[in-house]
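Report on the following structure.
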Amino acid sequence: SFHPVPETWQESALIDADTYREMYRRSLEEPEAFWSEQAERFLTWDRTWDKVCEADFHEGRASWFSGGRLNVAVNCIDRHLAERGDATALIWEGDE
3 SFHPVPETWQ ESALIDADTY REMYRRSLEE PEAFWSEQAE RFLTWDRTWD KVCEADFHEG
63 RASWFSGGRL NVAVNCIDRH LAERGDATAL IWEGDE
């Protein structure tokens with residue numbers, strides 16, 4: 003079924019519908035290039051990967067960015083310090 007996106011959500015989205023469709027098309031037609039670009043754009047790598055994706059969908063196995071290495075602290079906090087160092091990074095609320 004089709005669920006329309008509320009107009010207020012459309013206005014605050016980081017990409018428009020045309021950009022989304024183009025990104026989706028590239029992810030299907032050029033998956034190695036597309037996902038490499040996304041990984042380089044949004045993550046800081048300690049070591050670059052050897053292979054973007056190795057998958058066997060019949061057996062239900064997939065391995066993404068084999069050989070690559072990430073540092074969680076760098077990606078979650080350190081790389082944002084220059085622009086957002088004064089902002090709250092984490093908010094924790096207990097279950098009590």
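Its first residue numbered 3, the sequence shown is counted upward by one per residue in this note's numbering. Ideal Cβ positions, reconstructed from N, Cα and C, are used throughout, including at glycine. Here the structure is a predicted model, which is why all the values come from computation and not from measurement.
Item, Value
"Own chain residues within Cβ distance below 7 Å of residue 51, not counting five before or after", "67, 68, 69, 70"
"DSSP-derived helix/strand/coil call for residue 20", "helix"
"Cβ contact (3+ pairs, closer than 8 Å) linking the segment 26-43 and the segment 7-16", "no"
"Beta bridge counterpart(s) of residue 83 as assigned by DSSP", "The partner list for residue 83 (beta bridge, DSSP) is empty, contrary to what the question assumes."
"C-alpha gap between residue 160 and residue 28, whole angstroms", "Missing from the structure shown is residue 160; the chain here goes from 3 to 98 and no further."
"As assigned by DSSP and simplified to three states, the class of residue 76", "helix"
"Residue 83 versus residue 23 - alpha carbon distance", "32 Å"
"Secondary structure of residue 4, DSSP reduced to three states", "coil"
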